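As numbered in numbering that gives the first Met the number 0, residues 0 to 49 make up the sequence shown, in order. Idealized CB from N, CA, C, for every residue including glycine. No experiment lies behind these values; they were computed from the predicted model shown.
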Amino acid sequence: MTRCPECESDLELDGYEIDVGETMNCPECGIELRVTSSEPVTVELADQEP
Ligand SMILES: [Zn+2]
Numbered sequence: 000m001t002r003c004p005e006c007e008s009d010l011e012l013d014g015y016e017i018d019v020g021e022t023m024n025c026p027e028c029g030i031e032l033r034v035t036s037s038e039p040v041t042v043e044l045a046d047q048e049p
């Protein structure tokens with residue numbers, strides 16, 4: 000299970016097609032997340048510079 004790095008709530012991404020580089024909003028805290036890996040799905044804060 001993937002967790003939001005901000006609020007640590009579980010992100011239910013099963014069944015979704017996730018592409019690396021895609022962004023989404025956390026359903027709990029609404030923060031923007033960017034997908035950094037698809038197997039397994041890993042996300043980071045989208046506004047966080049490397
Ligand atoms: Zn969140």
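For L44, the uninterrupted beta strand (DSSP E) segment begins and ends at V40 to L44. For E7, the closest alpha carbon among the candidates E16, Y15 and L32 is that of L32. At least one heavy atom of ligand 1 is found less than 7 Å from the C-beta of S8.
Boundaries of the beta strand (DSSP E) harbouring L32: E31 to S37, taken from the DSSP string.
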